[in-house]
Amino acid sequence: MSAHIVPVRTYLVIWLSLMLLLFATLGLAELDLNPFNAVAAMTVAVIKMLLILLYFMHVKFSSRLTWIVAAAGFLWLAIMLTLTLTDYMARGGLGP
Amino acid sequence: MQGDKIMLAEQFDTMEQQHDAARLGVWVFLATEVLFFGGLFTGYTVYRYLYPQAFAVGSNHNNLFLGTLNTAVLLTSSLAMALAVHAAQLGKAKAQFRWLLITIAFAFGFLVIKAIEYHEHFNEHLWPGPGFTREMSNKTELFFIFYWVMTGLHAIHVIVGIGILGVIAWIVRRRPFTGHYYSPMEMSGLYWHFVDIVWVFLYPLLYLINRHVS
Chain A
368 MSAHIVPVRT YLVIWLSLML LLFATLGLAE LDLNPFNAVA AMTVAVIKML
418 LILLYFMHVK FSSRLTWIVA AAGFLWLAIM LTLTLTDYMA RGGLGP
Chain B
4 MQGDKIMLAE QFDTMEQQHD AARLGVWVFL ATEVLFFGGL FTGYTVYRYL
54 YPQAFAVGSN HNNLFLGTLN TAVLLTSSLA MALAVHAAQL GKAKAQFRWL
104 LITIAFAFGF LVIKAIEYHE HFNEHLWPGP GFTREMSNKT ELFFIFYWVM
154 TGLHAIHVIV GIGILGVIAW IVRRRPFTGH YYSPMEMSGL YWHFVDIVWV
204 FLYPLLYLIN RHVS
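One line per chain: the protein sequences are A and B, in this order. Letter by letter, the first sequence follows residues 368 to 463 in my numbering. Letter by letter, the second sequence follows residues 4 to 217 in my numbering.
(1) I need the straight-line Cα distance from A/R376 to A/W382, nearest angstrom please.
(2) Measuring only the C-alpha atoms, how far is B/Y206 from B/A12?
(3) Using three-state DSSP, classify B/T45 as helix, strand or coil.
(4) Using DSSP bridges, identify the partner residues of B/T181.
(5) Report the residues of the segment 24-36 of chain B with a CB closer than 9 Å to any CB of chain A, ordered along the chain.
(6) For a test of the three-state rule: what should DSSP assign to A/N401, helix, strand or coil?
(7) From the DSSP output, in three-state form, read off B/D23 for me.
(8) May I ask you to report which of helix, strand or coil DSSP gives B/L11?
(9) Rounded to a whole number of angstroms, what is the C-alpha to C-alpha distance between A/M368 and B/M18?
(10) In chain A, which residues lie with their C-beta within 7 Å of the C-beta of B/D199?
(11) Could you work out which residue in B/A110, B/H183, B/L43 is closest to B/I9 when comparing CA atoms only?
(12) Kindly indicate which residue of B/V198, B/S62, B/F204, B/L193 has the alpha-carbon position closest to the one of B/L27.
(13) Looking at the C-beta of B/Q92, does it have a partner C-beta in chain A at a distance below 8 Å?
(14) Of all Cβ atoms in chain B, is any one closer than 8 Å to the Cβ of A/V406?
(15) At 3 residues or longer, and completely inside the segment 96-135 of chain B: list those beta strand (DSSP E) runs for me, N to C.
(16) Closer than 9 Å by beta-carbon distance: list the chain B residues that pair up with A/A396, in chain order.
(17) Might you give, ordered along the chain, the residues of its own chain that have their beta carbon closer than 8 Å to the beta carbon of B/L33, omitting 5 neighbours on each side?
(18) Would a check of beta-carbon distances place A/F441 closer than 8 Å to chain B?
(19) Which class does B/L145 belong to by DSSP, given the choice of helix, strand or coil?
(20) Measuring CB to CB, does B/A110 end up less than 8 Å from B/S80?
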């Protein structure tokens with residue numbers, strides 16, 4: 368097969384980045400960034416997810432078809448989250 | 004070569020096509036898993052939006068050290084899994100078996116730490132229901148319903164993952180994978196990395212709410 372073989376060094380760099388991001392998200396949580404704490408935490412989580420997806424799961428080296436199917440799952444999740452939240456947020460009387 | 008035809012199923016023209024089909028199938032399954040967990044994440048998002056203070060109280064009762072440690076454990080298990088696939092691609096018999104065992108060991112480590120956390124939570128009366136501690140509101144009880152269900156569902160996925168990796172390890176021990184055919188290893192890896200990604204999101208949502216407020 369003509370599969371792309373990712374060098375060990377790349378995996379180690381990605382792992383190290385993930386560890387650093389873990390401590391970054393922990394550090395950010397200790398700072399008062401209200402109301403952006405949640406945004407910061409989710410941003411770091413998304414970056415970690417992308418690193419795992421692209422390198423550990425080989426999406427970066429896979430066909431476009433794989434990429435589309437992988438993205439589709441998250442796209443539908445985004446739709447569910449967005450439409451649900453717009454519904455709740457638009458209701459008067461309910462809310463924090 | 005004649006031997007190359009052995010692992011090629013009838014409906015495929017080349018090994019590469021077979022491998023691509025397998026990968027596509029796993030990704031379709033993972034997309035359903037995203038939505039499976041996604042329902043819980045959506046529910047969590049709605050109720051956190053409605054009751055942010057109560058959720059913060061709940062989150063502060065989670066063991067930050069153990070949660071962070073568990074995140075590190077799973078991230079490292081993903082590294083081990085990636086290295087197992089790498090070894091399989093290069094046909095390295097012993098290495099692929101060892102990295103699989105290391106992945107499984109980290110997976111068990113995760114479950115042990117989780118069990119310790121659950122035990123702590125039980126002792127603090129954080130199990131939803133009539134026995135739930137009266138020091139917290141029922142909105143915080145709602146946070147803990149999400150906590151138990153989401154981490155519980157995730158833990159079940161970890162256990163299933165250990166089972167799958169165990170089977171692969173058993174196969175590899177007798178007949179290691181080679182660069183010609185290593186699909187089962189890579190596909191199991193995809194499932195394992197997905198389990199890791201779910202935890203990457205569970206961690207900030209369940210452990211890091213309002214940590215800066217002392």
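Cβ coordinates follow ideal geometry from the N, Cα and C atoms, glycine included.
In brief:
(1) On the first sequence, residue 376 of chain A is found 9 positions in, with the first residue counted as 1. On the first sequence, residue 382 of chain A is found 15 positions in, with the first residue counted as 1. When rounded, the distance between both Cα atoms is 10 Å.
(2) For the purposes of this step, residue 206 of chain B is identified with residue 203 of the second sequence, where counting begins at 1. For the purposes of this step, residue 12 of chain B is identified with residue 9 of the second sequence, where counting begins at 1. Spanning the two alpha carbons is a distance of roughly 41 Å.
(3) Taking the first residue of the second sequence as 1, we reach residue 45 of chain B at position 42. B/T45 falls in the helix class under three-state DSSP.
(4) Within the second sequence, numbered from 1, the residue matching residue 181 of chain B stands at position 178. B/Y184, per the DSSP bridge assignment.
(5) R26, L27, W30, V31, L33, A34, T35, E36
(6) Numbered from its first residue, the first sequence carries residue 401 of chain A at position 34. If DSSP states are grouped into helix, strand and coil, A/N401 belongs with coil.
(7) To locate residue 23 of chain B, count along the second sequence from 1; it is residue 20. Here B/D23 sits in helix by DSSP.
(8) Position 8 of the second sequence, counting from 1, holds the residue named residue 11 of chain B. Three-state DSSP puts B/L11 in coil, outside helix and strand.
(9) Position 1 of the first sequence holds residue 368 of chain A. Position 15 of the second sequence holds residue 18 of chain B. Note that A/M368 scores a pLDDT of 43, beneath 50, so its modelled location is shaky and nothing firm can be said.
(10) Here residue 199 of chain B refers to the residue found at position 196 of the second sequence. Going along chain A in sequence order, the residues near B/D199 (Cβ under 7 Å) are I419.
(11) Counting from one through the second sequence, the residue named residue 9 of chain B turns up at place 6. If we check each option's Cα against that of B/I9, B/H183 comes out closest.
(12) Taking the first residue of the second sequence as 1, we reach residue 27 of chain B at position 24. Residue B/L193 is the option with its Cα nearest to B/L27.
(13) For the purposes of this step, residue 92 of chain B is taken as residue 89 along the second sequence, with counting starting at 1. So, interface residue.
(14) Stepping through the first sequence from its first residue, residue 406 of chain A is reached at position 39. Closer than 8 Å: no.
(15) none
(16) For the purposes of this step, residue 396 of chain A is taken as the residue at position 29 of the first sequence. Neighbours of A/A396 on chain B, chain order: L67, P207, Y210, L211, I212, N213, R214, H215.
(17) Residue 33 of chain B sits at position 30 when you count from the first residue of the second sequence. Counting only Cβ-Cβ distances below 8 Å, and skipping sequence neighbours, we find L193, Y194, F197.
(18) Mapped onto the first sequence, residue 441 of chain A falls at position 74. Answer yes: the Cβ-Cβ gap between A/F441 and chain B drops below 8 Å somewhere.
(19) Mapped onto the second sequence, residue 145 of chain B falls at position 142. Note: B/L145 maps to helix in three-state DSSP.
(20) In the second sequence, residue 110 of chain B corresponds to position 107, counting from 1. In the second sequence, residue 80 of chain B corresponds to position 77, counting from 1. In contact: B/A110 and B/S80 (Cβ atoms closer than 8 Å).
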